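A.B. asks:
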Amino acid sequence: MATGKVLGDQGEKIAMEYLKKKGYEILAANYRVRGGELDLVATQGTQLVFCEVKTRNSLKMGLPIEAVTWGKQRRILHAARCYVLQEAPVHSGIRFDVIQVMPGNCPPVLHMENAFGDET
Amino acid sequence: MISGVNTASICGLSGAVVRVETGLFRQIPGIHITGLASQTIVESRDRIRSAVKQSGYRFPDQKVVINLVPASRRKEGSHFDLPLAMGILSAAGVVHMGDKERRAFIGELSLDGTLHPVQGALPLIMGLRDGGMEEVILPRGNLGEASLVPGIRLKGCTCLREVVEFHQSETENWDLPPDTMNRREPSYSLDFDEVRGQETAKRALILAVGGRHHLFMMGFPGSGKTMLAKRIPTIMTPMNREEELEVTSVYSVAGELKEGASLLQSRPFRSPHHTITPIAMVGGGNQPRPGELSLAHHGVLFLDEFPEFSRRVLEMMRQPLESGEVTISRSQDRVTYPCRILLVAASNPCPCGHYGDTRHRCSCTSQQIQWYQSRISGPLLDRIDIQLKIPPVPSRELWGEKNSGAQLSSEKMREQVRLLEKVQQERYRRDWVRNGVLTPSLLEKFCPMSRDAKRFLESAFQRLGLSVRGYHKVIKMARTIADLEEIDTLREEHIGEAIQYRALDREE
Numbered sequence: 001m002a003t004g005k006v007l008g009d010q011g012e013k014i015a016m017e018y019l020k021k022k023g024y025e026i027l028a029a030n031y032r033v034r035g036g037e038l039d040l041v042a043t044q045g046t047q048l049v050f051c052e053v054k055t056r057n058s059l060k061m062g063l064p065i066e067a068v069t070w071g072k073q074r075r076i077l078h079a080a081r082c083y084v085l086q087e088a089p090v091h092s093g094i095r096f097d098v099i100q101v102m103p104g105n106c107p108p109v110l111h112m113e114n115a116f117g118d119e120t
Numbered sequence: 001m002i003s004g005v006n007t008a009s010i011c012g013l014s015g016a017v018v019r020v021e022t023g024l025f026r027q028i029p030g031i032h033i034t035g036l037a038s039q040t041i042v043e044s045r046d047r048i049r050s051a052v053k054q055s056g057y058r059f060p061d062q063k064v065v066i067n068l069v070p071a072s073r074r075k076e077g078s079h080f081d082l083p084l085a086m087g088i089l090s091a092a093g094v095v096h097m098g099d100k101e102r103r104a105f106i107g108e109l110s111l112d113g114t115l116h117p118v119q120g121a122l123p124l125i126m127g128l129r130d131g132g133m134e135e136v137i138l139p140r141g142n143l144g145e146a147s148l149v150p151g152i153r154l155k156g157c158t159c160l161r162e163v164v165e166f167h168q169s170e171t172e173n174w175d176l177p178p179d180t181m182n183r184r185e186p187s188y189s190l191d192f193d194e195v196r197g198q199e200t201a202k203r204a205l206i207l208a209v210g211g212r213h214h215l216f217m218m219g220f221p222g223s224g225k226t227m228l229a230k231r232i233p234t235i236m237t238p239m240n241r242e243e244e245l246e247v248t249s250v251y252s253v254a255g256e257l258k259e260g261a262s263l264l265q266s267r268p269f270r271s272p273h274h275t276i277t278p279i280a281m282v283g284g285g286n287q288p289r290p291g292e293l294s295l296a297h298h299g300v301l302f303l304d305e306f307p308e309f310s311r312r313v314l315e316m317m318r319q320p321l322e323s324g325e326v327t328i329s330r331s332q333d334r335v336t337y338p339c340r341i342l343l344v345a346a347s348n349p350c351p352c353g354h355y356g357d358t359r360h361r362c363s364c365t366s367q368q369i370q371w372y373q374s375r376i377s378g379p380l381l382d383r384i385d386i387q388l389k390i391p392p393v394p395s396r397e398l399w400g401e402k403n404s405g406a407q408l409s410s411e412k413m414r415e416q417v418r419l420l421e422k423v424q425q426e427r428y429r430r431d432w433v434r435n436g437v438l439t440p441s442l443l444e445k446f447c448p449m450s451r452d453a454k455r456f457l458e459s460a461f462q463r464l465g466l467s468v469r470g471y472h473k474v475i476k477m478a479r480t481i482a483d484l485e486e487i488d489t490l491r492e493e494h495i496g497e498a499i500q501y502r503a504l505d506r507e508e
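Protein chains in written order, with my numbering: chain S, 1 to 120; chain P, 1 to 508.
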């Protein structure tokens, strides 16, 4: 059974395939800056989508999407700001999604669009 | 794209126009509100987002910046939901507000986009009209009170979708003002003819209402103090339009107006419990709201068990009673609420209620009685012109023929009040000046006395040991008594009756 980093990488791969199939164009994966990380950056049409992928094998620790806490959201927002400044992508708007992957489940992917934004 | 829509915010009893600027920026999405918005307004973000989506519109995936102009004034209230939502929809291009500079919005949204009525709609609409607005879109539940304001077009809506479709359609169907304009005489379920005996007290009440003299009643339990007080509004003359609007505004701001209610036409009667806090009495709080004093504006404030009220409450009432308005100061701003009231206080003679009663034994200790009566005197009692003892009703009057016609009815009493008001209006030429508010210098000018009356007053002054203030009050009362007979010069009998209304002074 896959654990830790291996499980995470596996989940991100599944999520990437899922997005591609739905017609998203993947711009980057595992974009890292100091103080934050973006699992997947994609575009759907003209909209820029930042995806956080959470993968788990069991529900022992709760739902994967529950792990995207407020602190995690701040780090994602920070990384997204850095990405927009650095890469200057052309877009009409921005969205933050969370993708939950549970390899054993059917279907294994739950895609939550527009999961959060920048508000305090 | 930047959009602008209009709304208003409340300060005290008046509304002022607020402009809502909304900008969309291609940055990290989120709603940001600037311009001294209160917590209620900041919280509206989640309501607005949900309401917009549930109404079937796309919420912009961009950064939304909302600025409330003027940014220096604090803004309160849930009625900002609708203007904020319309600002966002307008900035997103769903509705076009280009040429609607004189249109304003108020309304609270629920998560599903339904519009809820808001507090203070009447002063808000008045403020919008005075600020140059010509059209207001508001929750249907507020249409009743809003239509009291002439000179402005109204549209009552039930949900956000209806508001948007109203803007998208070619024709604009404004709501016609409902027929609230026809005047009804306020009707009361109570009448003074239900009160047996107590004819002296009734006469005192006519004088109190007509001359606006604050009143204090002392009597044994069950002698009818409360019964009398509750019927006072029935003998007051109906309010004029301006007074009705003032009262309705106070209730609107206090959130005490029932949904769909329009003009309040009955004179208010407030009887707060004696455990009331100072803030609840005079108004105030973090978000200033009118207190009982202002809710009794143009009506009666009845304080039963007067000595039981806390010192602080009574102390705080002094100044507002004199000036007819309450001013609440905060570090940020200052609000003023009106409180032209008739104060009616009532009390037992002692804690158990039977001190001095020939038919019951008083069970209080002398200290208790002293303590109780010491609370009745004091600075607030100085503002009270009439001190009245309410005797127990003799049984023969209770069992007597009901329709003997002996009891004064409210209607007959109101006629006398009306006469008093007419006489005073002719004398003072101002709507609100009454004998009760005369200052000593004015007393001399308006209260000429016959020689007999002067002599009588002087001897009474010495024999009873009246204070100077008590002396002035006697003259004020005598003025009102003489007015009831439309006599200009005060006579001995007027002074004599006036002294009867110093029940507490005479005892000392």
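Glycine included, every Cβ here is placed at the ideal spot set by N, Cα and C.
Quick caveat: nothing in here was measured; it's all calculated off a predicted structure.
#1: With distance defined between alpha-carbon atoms, name the residue in P:Arg479, P:Ala37 and P:Met413 nearest to Ile66 (chain P).
#2: Apart from the five residues just before and just after Glu508 (chain P), which ones in its own chain have a Cβ nearer than 8 Å to its Cβ?
#3: Taking the straight line between their C-alpha atoms, what separation do you get for Glu485 (chain P) and Leu190 (chain P)?
#4: Which residues, in order along the segment 48 to 81 of chain P, keep a beta-carbon less than 8 Å from a beta-carbon of chain S?
#5: Report yes or no: do the segment 100 to 119 of chain S and the segment 4 to 14 of chain P share at least 3 C-beta pairs separated by less than 8 Å?
#6: Would you mind telling me which residues of chain S sit closer than 8 Å to Gly30 (chain P), beta carbon to beta carbon, in chain order?
#7: Determine which residues share a DSSP beta bridge with Ser58 (chain S) and list them.
#8: Which residues bound the alpha helix (DSSP H) around Glu244 (chain P)?
#9: For Thr200 (chain P) and Arg429 (chain P), what's the separation of their Cα atoms in angstroms?
#10: Considering only DSSP beta bridges, list what Arg153 (chain P) is partnered with.
#11: Could you give the distance in angstroms between the alpha-carbon of Val84 (chain S) and the alpha-carbon of Gln44 (chain S)?
#12: Is the Cβ-Cβ distance between Val300 (chain P) and Pro268 (chain P) less than 9 Å?
#13: Specify the secondary structure class of Glu508 (chain P) as computed by DSSP and reduced to three states.
#14: Nearest by alpha-carbon distance to Leu143 (chain P): which of P:Glu135, P:Leu89, P:Val5 and P:Asp175 is it?
#15: Which runs of the beta strand (DSSP E) at least 3 residues long sit entirely within the segment 264 to 341 of chain P? Give them in chain order.
#16: Checking the sheet assignment: what are the DSSP bridge partners for Phe96 (chain S)?
#17: Please identify the residue among P:His116, P:Leu68, P:His354 and P:Val18 whose C-alpha is closest to the C-alpha of Gly222 (chain P).
#18: Run through the DSSP bridge pairs and tell me what Lys476 (chain P) is partnered with.
#19: Once you ignore the five residues that flank Gln424 (chain P) on each side, which residues in its own chain have a CB closer than 6 Å to its CB?
#20: Please state the DSSP three-state secondary structure of Gln73 (chain S).
#21: If you run the structure through DSSP and keep just helix, strand and coil, what is Cys350 (chain P)?
#22: Using a Cβ-Cβ cut-off of less than 7 Å, give me the residues of the segment 307 to 330 of chain P that come near chain S, in sequence order.
#23: How would you label His273 (chain P), buried or exposed, when you count the other beta carbons within 10 angstroms and need 16 or more for buried?
#24: How close, in whole Å, do the beta carbons of Ile88 (chain P) and Thr40 (chain P) come, if the pair is a contact with beta carbons under 8 Å?
#25: Quick one: grab the DSSP three-state call for Phe181 (chain S).
#26: Strictly below 7 Å CB to CB, what residues from chain P border Gly35 (chain S)?
#27: Taking just the CA atoms, how far does Ile125 (chain P) sit from Leu419 (chain P)?
#28: Among P:Pro278, P:Ile106 and P:Asn240, which residue has its Cα nearest to the Cα of Leu263 (chain P)?
#29: For a test of the three-state rule: what should DSSP assign to Asp175 (chain P), helix, strand or coil?
#30: For His111 (chain S), does the three-state DSSP call read helix, strand or coil?
#31: Out of P:Asp304, P:Ser271 and P:Leu380, which has the shortest C-alpha to C-alpha gap to Arg311 (chain P)?
#32: Counting along the chain, where does the beta strand (DSSP E) carrying Gln387 (chain P) start and finish?
#33: Just checking, does the segment 34 to 53 of chain S make contact with the segment 10 to 25 of chain S on the three C-beta pairs under 8 Å criterion?
#34: I'd like to know whether the C-beta atoms of Val136 (chain P) and Ala104 (chain P) end up nearer to each other than 9 Å.
#35: At the 9 Å Cβ level, is Gly93 (chain S) part of the contact set with chain P, yes or no?
#36: Quick check on this structure: which residue in P:Pro349, P:Leu490 and P:Gly324 has the alpha carbon closest to the alpha carbon of Arg340 (chain P)?
C.D. replies: Here's the rundown:
#1: P:Ala37
#2: A caution first: Glu508 (chain P) carries a pLDDT of 46, below 50, which makes its placement in the model unreliable, though a value can still be read off. For Glu508 (chain P), the CB contacts under 8 Å within the same chain, skipping 5 residues up- and downstream, are Gly465 in chain order.
#3: 27 Å
#4: Of all residues in the segment 48 to 81 of chain P, Pro60, Asp61, Gln62 and Lys63 have a Cβ within less than 8 Å of some Cβ in chain S.
#5: no
#6: Gly117, Asp118 and Glu119, listed in chain order.
#7: In the DSSP secondary-structure assignment, Ser58 (chain S) is not bridged to any residue.
#8: Element bounds for Glu244 (chain P): Arg241 to Ala254.
#9: 30 Å
#10: P:Glu135
#11: Spanning the two alpha carbons is a distance of roughly 16 Å.
#12: yes
#13: Per-residue confidence for Glu508 (chain P) stands at a pLDDT of 46, beneath the threshold of 50, marking its modelled position as unreliable; no derived number is given.
#14: P:Asp175
#15: 300 to 303, 325 to 329 and 334 to 338
#16: BP columns for Phe96 (chain S) point to S:Phe50.
#17: P:His354
#18: Answer is none; Lys476 (chain P) lacks a bridge partner.
#19: Arg434
#20: In this structure, Gln73 (chain S) counts as helix in the three-state DSSP scheme.
#21: Looking at Cys350 (chain P) - three-state DSSP - the assignment turns out to be coil, as it is neither helix nor strand.
#22: none
#23: exposed
#24: About 18 Å; that fails the 8 Å criterion.
#25: Here chain S comprises residues numbered 1 to 120, so residue 181 (chain S) is not present and cannot be evaluated.
#26: The contacting residues do not exist; Gly35 (chain S) stays about 15 Å from chain P at best.
#27: Each residue's alpha carbon lies about 36 Å from the other.
#28: P:Asn240
#29: strand
#30: strand
#31: P:Leu380
#32: Residues Ile386 to Ile390.
#33: Yes, they touch.
#34: yes
#35: Judged by the 9 Å Cβ criterion, Gly93 (chain S) is in contact with chain P.
#36: P:Gly324
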